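Peer 1: The following block contains the structure, expressed as structure tokens.
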């Protein structure tokens, strides 16, 4: 009888449901301590946003440069006037797209793209960044390359001032641009004259007569004695 009772108790225990099923307990899978799915999605969204911002800036930069270059060529008497309005529209569309992804209008980007760079300053910045050696900087400073770049930059700025002022009838600003333009020309002529003189001096030095060679002492010739002892 006792044996039958133990057998019934064992069957009753095996029929009882799992306690985890009754209580609805959940198990959390540990993934090794890495970022969660939410964190990965957030990081991916940030990368996509940064990529869209970079594309928008690149599109705007090229549109502004292309439009400005065509306008300058048209002012000069060439260029493509039939493409100008389409280029202006592209600039506006690119600016709107920039504002949508950045949250502000690209005034500084436009100013930076249209600004005339000073090549001399750009080279000095590259030297400070470690992209150029100090030896190259010293060489360009000594041979007048930097002075020539500075004079050209002054000339370009003066020419742009003359063109812009003449288009809207600003005589005072045009006169200032004319003075700047001719100052740059004078400095450029001085730099090139100094360089020309240096080249001529180097050529004269290379053409100088070589030093005279030392002549050795002449040997005295002894008379030959023919066979028989008779001296000729």
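Residue numbers (the UniProt record's numbering): 1 to 232. Ideal Cβ placement from N, Cα and C applies to all residues, glycine included. Please read these numbers as outputs of a predicted model, since none were measured by experiment.
1) Touching or not, the stretch 81-88 and the stretch 127-143, by the rule of three or more beta carbon pairs under 8 Å?
2) Among 154, 69, 159, which residue has its Cα nearest to the Cα of residue 113?
3) Does the contact criterion of 3 or more C-beta pairs under 8 Å hold for the stretch 192-210 versus the stretch 169-178?
4) By how many angstroms is the C-alpha of residue 71 removed from the C-alpha of residue 98?
5) Which of the three DSSP states is assigned to residue 37 in this structure?
6) Is it right to say residue 76 is buried, meaning 16 or more other beta carbons lie within 10 angstroms of its own, or is it exposed?
7) Alpha helix (DSSP H) containing residue 171: first to last residue?
8) Using alpha carbons as the reference points, say which of 154, 192, 159 lies closest to residue 144.
9) The alpha helix (DSSP H) that contains residue 90, what's its start and end?
10) Could you give the first and the last residue of the continuous alpha helix (DSSP H) run that contains residue 140?
11) If the criterion is Cβ atoms closer than 7 Å, does the pair residue 120 and residue 150 meet it?
12) Quick one: what does DSSP say residue 57 is sitting in, helix, strand or coil?
Peer 2: Judging by the given coordinates:
1) With the cut-off at 8 Å, the stretch 81-88 and the stretch 127-143 do not touch.
2) Comparing Cα-Cα distances from residue 113 to each of 154, 69, 159, the minimum goes to 69.
3) The stretch 192-210, when compared against the stretch 169-178, does not touch it at the 8 Å Cβ threshold.
4) If I take the Cα positions, the gap works out to 23 Å.
5) Three-state result, residue 37: helix.
6) Here residue 76 is exposed: its Cβ has fewer than 16 other Cβ atoms, across all protein chains shown, within 10 Å.
7) Unbroken alpha helix (DSSP H) run through residue 171: 171-206.
8) Ranking 154, 192, 159 by Cα distance to residue 144 puts 192 first.
9) Where residue 90 is concerned, the enclosing alpha helix (DSSP H) stretches over 84-102.
10) Per DSSP, the continuous alpha helix (DSSP H) segment holding residue 140 begins and ends at 134-142.
11) Yes, Cβ-Cβ distance for residue 120 and residue 150 is below 7 Å.
12) It is helical.
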